[in-house]
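Student: Residue numbers (my numbering): 1179 to 2056. One structure follows; several queries about it will come next.
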């Protein structure tokens, strides 16, 4: 951040006006409320889980595992393979819907990897979308197509679950009502209502389907002014069958492992299974861990052997979640490793997938070390080890392994951020952890996992390129919550494993080989203390960010970076209402401002493209340090992978109209309307003049602005536009339209030395100016800039483009366009938007990158309020 001390500081605020009431409280504490809800649900699930298994002891659970036949395990694995084959069908249907031409092997890699990681971590819309983007973008698939595929795949499952559950409930109402603790009549009413509502929904869709078909396998659904792109009926029915087969196979994985599964009708089991899946998703607990198990344990408490059901649930997680996750990670790592040999730019390419996969492996290794620290070591291994190693060393290694596991939970965050210090620190942890596993009881399986992870770290060493120090490894609140929940599970696991041993103070001081309970107690206590110290340290170092107005030296540096780039929009930094984050090499920067708990960066990083990814990570680190949400406004499609890498989702704002001046010819046949505007304007004595920097007296511009403010009550907006001040405008050339010796319109030109692209920022037109003044200004500018050797001319963003039937993007991704328009009432550019079409420009999509979950709408509102000047002013514009 800027480091001057003599400039004013502006703390991150909710708005200049004091907000009160329930809505304002929710806005200020939205993230805290969301995390608190997840933690409370997880804690309640843990308490319920403990209550449901209180009669299960260690011996009965061991017996239950041994009673599961290899035949049942084989059937479960076969069902899991079938389910993931059906998931490939999701991708095929999604690609048809989005009209994305992708090879079948690529669809298999992207779809199956996205599903495996999404099943393990949850938040499939974000995690699955991120994986798909990394895989499909290499095949030059458009960002919007990947977004549409992700939404299609996620909604295909979510929308199909209710009718499938309702239909399955009818297969055996008596058993289904008993499992769900409902009256049979009530269950019939609920299931019937679900099915009828879906029939009505399908009738409505068929009634309002538009005749416009964006592709063979998609249609437009017109509801008033809203147009939504939906799959064709053929794809819809095919996908429903695919989803049904997927659900049947996935549930069969668990059904095959159940003790006495024949005693429960499969339809009843499937109904409960689907409700457990839904509960896990709605809880926002990663992977639905605990919530899914509690629903099934509660439903079949009186119908199944509880130790057998618990063993089946554990094996289900292993077969359907963990094994596919490991395979997906390995496949992605192999695919990314090949990039090192096939591309000169492989480091940056591979980092997009290798870093998060390695971080996931490290996190998994940490969880394994923590949980194994609670379990008893095999007696024969301990007795053999005791011949060569003193008891003190064995007990110390056991404690150290648990502490190393706790540190792995935190260091994984640094690996995800590509920090070099995290790589060194984690590699040391892996090697020490391997040694401790061998010294505490010859745990060769866990030692092999740690060595494999260390090998992955060494293989992808160049991926972790960001310089840092170990003490600077950042933590996010989500990471700390997940780490704390992991420790909480280990505590519960300890008391479950050793509940037959009464507690006494002597347990702390027993160091004999058979003192498994004492070793576990010391391990969970020290791990809890360590994570507590980390959390407290994070809380003490977390403070609201302050926006510092840059000084003249910093502005001069930023202006020099802009002039040597191909990003003229960076000139908005000169408005002095945004802070600046410079790269260490002083050749790139990010400009940003703050509203509420959102730190909003304007545009992609400006300057040297080699440092854009690093700057985006620095910005994310800074946001996590101050516990605020990162937002990027108006970013380009080719940079979206950088924002997905830092855990953001993308929402489309609209399309920017860019004229290719190398092909622009006013005299061509398709520009007849522009010729007419040109001729009419000249006959009306309109003329264009361009003034150099500081050449045009500001008084003339201010006079025109004052007239606009007085007559049409035009208000100035901020952040995404410059300021109508002499200090700001003196940095730019000014283009004016003269009429009878008076300036009736002007724009300031945003330019760079490369002449690659020119854009305009502020536009002022006299209320009484001739009708074609604005059109003439842009036509004349295009002609003049072409003569000066400029290659491209930007007409600005068109936020209305997503509402046209020809686009038909998912309605969720129109939130950005909607909020943009709500905050865009200062200038009536609707006529300009329609006029842009006459130039036949190239349309380039622009996006917002925002946090996933409940954050997007809050982030969008904060951004709109930042543009408006305050939340109150934004409300007044509605």
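Cβ atoms here follow ideal geometry from the backbone N, Cα and C, with glycine treated the same way. Model, not experiment: these values are computed from the prediction.
Check for me: the alpha helix (DSSP H) holding residue 1236 runs from which residue to which?
Tutor: Per DSSP, residue 1236 belongs to the alpha helix (DSSP H) from 1236-1245.
Student: Name the two residues that bound the continuous alpha helix (DSSP H) containing residue 1771.
Tutor: Careful: residue 1771 lies outside any alpha helix (DSSP H), inside the beta strand (DSSP E) at 1766-1773.
Student: Where does residue 1266 sit, in a helix, a strand or coil, going by DSSP?
Tutor: The answer is helix: DSSP assigns residue 1266 an H, G or I state.
Student: Could you tell me if residue 1591 is buried or exposed, where buried requires 16 or more neighbouring beta carbons within 10 angstroms of its beta carbon?
Tutor: Counting Cβ neighbours within 10 Å, residue 1591 comes out buried, since at least 16 surround it.
Student: State the Cα-Cα distance for the pair residue 1608 and residue 1781, rounded to the nearest angstrom.
Tutor: About 40 Å.
Student: Leaving out the 5 sequence neighbours to the left and right, which residues in its chain are closer than 8 Å to residue 1373 when beta-carbon positions are compared?
Tutor: Cβ neighbours of residue 1373 beyond the five flanking positions: 1341, 1344 and 1345.
Student: Pick helix, strand or coil for residue 1464, following the three-state DSSP scheme.
Tutor: In this structure, residue 1464 counts as helix in the three-state DSSP scheme.
Student: Return helix, strand or coil for residue 2002, following the three-state DSSP convention.
Tutor: In this prediction, residue 2002 has a pLDDT of 45, which is less than 50 and means its spatial position is unreliable; what the coordinates show is noted afterwards. Residue state, collapsed to three classes: coil.
Student: With distances taken between CB atoms, is the gap from residue 1416 to residue 1589 smaller than 8 Å?
Tutor: No.
Student: Looking only at its chain, what residues have a beta carbon closer than 8 Å to the beta carbon of residue 1469, apart from the 5 residues adjacent to it on each side?
Tutor: Only 1219, 1220, 1223, 1454, 1457, 1458, 1461 and 1463 meet the Cβ criterion.
Student: Helix, strand or coil, according to DSSP, for residue 1787 in the structure here?
Tutor: Correct three-state label for residue 1787: helix.
Student: Classify residue 1691 as helix, strand or coil using the three-state DSSP reduction.
Tutor: Residue state, collapsed to three classes: coil.
Student: Please state the DSSP three-state secondary structure of residue 1903.
Tutor: Coil, per DSSP.
Student: Looking only at its own chain, which residues have a Cβ that is under 8 Å from the Cβ of residue 1686, when we skip the five neighbours before and after it?
Tutor: Correct list, in chain order: 1696, 1699 and 1700.
Student: Under three-state DSSP, which class holds residue 1811?
Tutor: Residue 1811: strand per DSSP, three-state reduction.
Student: Tell me which same chain residues have a C-beta within less than 7 Å of the C-beta of residue 1535, skipping the five on either side of it?
Tutor: Here the set comprises 1507, 1510 and 1511.
Student: For residue 1984, count the other beta carbons within 10 Å of its own beta carbon; 16 or more makes it buried, fewer makes it exposed. Which is it?
Tutor: Residue placement at residue 1984 cannot be trusted, given a pLDDT of 36 that sits under 50; what the coordinates show is reported in the next sentence. Flag for residue 1984 reads exposed.
Student: Find out if the Cβ-Cβ distance for the pair residue 1761, residue 1792 is shorter than 8 Å.
Tutor: Cβ atoms of residue 1761 and residue 1792: closer than 8 Å.
Student: In terms of residue numbering, what span does the beta strand (DSSP E) encompassing residue 1914 cover?
Tutor: Counting along the chain, the beta strand (DSSP E) containing residue 1914 begins and ends at 1911-1917.
Student: For residue 1926, which residues does DSSP report across the bridge?
Tutor: Beta-bridge pairing links residue 1926 to 1912.
Student: Under the three-state reduction of DSSP, which class applies to residue 2116: helix, strand or coil?
Tutor: Since the displayed the chain opens at 1179 and closes at 2056, residue 2116 lies outside it and no answer follows.
Student: Who pairs with residue 2020 in a beta bridge, going by DSSP?
Tutor: BP columns for residue 2020 point to 1836.
Student: Could you pull the start and end residues of the alpha helix (DSSP H) that residue 1868 belongs to?
Tutor: No alpha helix (DSSP H) contains residue 1868, which is instead part of the beta strand (DSSP E) from 1864-1869.
Student: Counting C-beta neighbours from all protein chains within 10 Å, is the total for residue 1419 16 or more, i.e. buried, or is it exposed?
Tutor: Exposed.
Student: Is the Cβ-Cβ distance between residue 1810 and residue 1759 less than 8 Å?
Tutor: No. Outside cutoff.
Student: Going by DSSP, what residue range makes up the alpha helix (DSSP H) through residue 1806?
Tutor: No alpha helix (DSSP H) holds residue 1806; DSSP gives it neither H nor E.
Student: Enumerate in chain order the residues of its own chain whose CB-to-CB distance from residue 1549 is below 7 Å, with the five nearest sequence positions on each side excluded.
Tutor: Hits under 7 Å: 1668 and 1671.
Student: Comparing C-alpha positions only, which one of 1382, 1275 and 1426 sits nearest to residue 1339?
Tutor: When only C-alpha atoms are compared, the closest one is 1426.
Student: By how many angstroms is the C-alpha of residue 1433 removed from the C-alpha of residue 1365?
Tutor: Residue 1365 and residue 1433: Cα-Cα distance of roughly 23 Å.
Student: Which runs of the beta strand (DSSP E) fall wholly inside the segment 1445-1490 and span at least 3 residues, in chain order?
Tutor: Taking only runs of at least 3 residues, no beta strand (DSSP E) segment lies wholly in the segment 1445-1490.
Student: Looking only at its own chain, which residues have a Cβ that is under 6 Å from the Cβ of residue 1912, when we skip the five neighbours before and after it?
Tutor: Closer than 6 Å at Cβ, skipping near neighbours: 1869, 1874, 1924 and 1926.
Student: Under 8 Å between the Cβ atoms of residue 1350 and residue 1446?
Tutor: A contact, by the Cβ cut-off of 8 Å.
Student: Pick from 1451, 2039 and 1828: whose alpha carbon is nearest that of residue 1323?
Tutor: Nearest option by C-alpha distance: 1828.
Student: Could you check what DSSP says for residue 1499 in three-state terms: helix, strand or coil?
Tutor: Helix.
Student: Terminal residues of the continuous alpha helix (DSSP H) containing residue 1603?
Tutor: Taken as a continuous stretch (DSSP letters only), the alpha helix (DSSP H) holding residue 1603 covers 1598-1619.
Student: Whose C-beta lies closer than 6 Å to the C-beta of residue 1941 among residues of the same chain, with five residues either side of it excluded?
Tutor: These residues qualify, in order along the chain: 1925.
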